[in-house]
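A.B. asks: Dropping the structure in here first, questions after.
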Amino acid sequence: MNNLIVDAAKDKIFLTFIVSKNIYTCSHENSKINFEKLMILINEFLENNKSTLSDIDAIYVNRGPGSFAGIRNSLSTIKALFLTKKIDYYCFSFEDFRESETVKYVDVPQLCKQYKIKKNLINPIYLS
């Protein structure tokens, strides 16, 4: 399965693309300008890794806790991809995986299965 992981809840926007055993990553400044062009950043990231949106089987997006603007924009972008491209998504929080010792982005798809994270369900956690 080809999985895209999007995390805009922190200081940086992290993108991770897992294709079979290959893992591609990039990060961008977490800024208003990048929020507005998140879809462009995702498309460029995929293009740089010789892929397109149609190559993605599932998307995993961090729902927080973290930046309100980052979470809101990433969830909106991923929800739009679900509606237009029918790509299933999973909203996770690293707090969901508290029992795991160290969690890396590459672990997220397997941990979502292990912890039975429901697909296509949004429940953001904003920092106040």
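Per my numbering, the sequence shown starts with residue 1274, numbered consecutively. By construction, the Cβ of each residue, glycine as well, lies at the ideal position given by its N, Cα and C atoms.
#1: Less than 8 Å between the beta carbons of Tyr1399 and Phe1308, yes or no?
#2: In chain order, which alpha helix (DSSP H) runs of at least 4 residues are fully inside the segment 1285-1333?
#3: Does the segment 1385-1397 come into contact with the segment 1357-1371, if we say contact requires no fewer than three beta-carbon pairs (one atom in each stretch) closer than 8 Å?
#4: I'd like to know if Thr1325 contacts chain B, where contact means its C-beta is closer than 8 Å to some C-beta of that chain.
#5: DSSP three-state call for Lys1352: helix, strand or coil?
#6: Within the continuous beta strand (DSSP E) that includes Leu1277, where are the two ends?
#7: From Pro1397 to Leu1356, what distance separates their C-alpha atoms?
#8: Excluding the 5 residues preceding and the 5 following Gly1337 in the sequence, name in chain order all residues of the same chain whose CB lies nearer than 8 Å to its CB.
#9: Please determine, among Ile1329, Lys1359, Glu1372 and Tyr1333, the residue with the shortest C-alpha to C-alpha distance to Asn1275.
#10: What residues match up with Lys1392 in a beta bridge as DSSP calls it?
#11: Tell me the rounded alpha-carbon separation between Asn1335 and Asp1280.
#12: Do you know offhand how far Asn1322's Cα is from Phe1370's?
#13: Answer yes or no: do Thr1350 and Leu1394 have a C-beta to C-beta separation smaller than 8 Å?
C.D. replies: In brief:
#1: By 1-based counting over the sequence shown, the position of residue 1399 is 126. By 1-based counting over the sequence shown, the position of residue 1308 is 35. Inclusion of Tyr1399 and Phe1308 in the CB contact set at 8 Å is not warranted, their separation being larger than that value.
#2: Complete alpha helix (DSSP H) runs here, min 4: 1305-1309 and 1311-1321.
#3: Touching, yes.
#4: Of the protein chains in this structure there is only one, and it is not chain B.
#5: Position 79 of the sequence shown holds residue 1352. Looking at Lys1352 - three-state DSSP - the assignment turns out to be helix.
#6: Position 4 of the sequence shown, counted from the start, is the residue given in the question as residue 1277. First-last of the beta strand (DSSP E) with Leu1277: Asn1275 to Asp1280.
#7: For the purposes of this step, residue 1397 is taken as residue 124 along the sequence shown, with counting starting at 1. For the purposes of this step, residue 1356 is taken as residue 83 along the sequence shown, with counting starting at 1. Computed Cα separation, rounded: 19 Å.
#8: As a first step, residue 1337 must be located in the sequence shown, where it is residue number 64. Cβ within range, chain order: Ala1282, Ile1344, Ser1366, Pro1397, Ile1398, Tyr1399 and Leu1400.
#9: Residue 1275 sits at position 2 when you count from the first residue of the sequence shown. Scanning Ile1329, Lys1359, Glu1372 and Tyr1333 for the CA closest to the CA of Asn1275 turns up Ile1329.
#10: Counting from one through the sequence shown, the residue named residue 1392 turns up at place 119. Paired residues: Tyr1363.
#11: For the purposes of this step, residue 1335 is taken as the residue at position 62 of the sequence shown. For the purposes of this step, residue 1280 is taken as the residue at position 7 of the sequence shown. CA-to-CA, the gap between Asn1335 and Asp1280 works out to about 5 Å.
#12: For the purposes of this step, residue 1322 is identified with residue 49 of the sequence shown, where counting begins at 1. For the purposes of this step, residue 1370 is identified with residue 97 of the sequence shown, where counting begins at 1. About 29 Å.
#13: Reading the sequence shown from its first residue, position 77 is the one you call residue 1350. Reading the sequence shown from its first residue, position 121 is the one you call residue 1394. Between Thr1350 and Leu1394, the gap from beta carbon to beta carbon reaches 8 Å or more.
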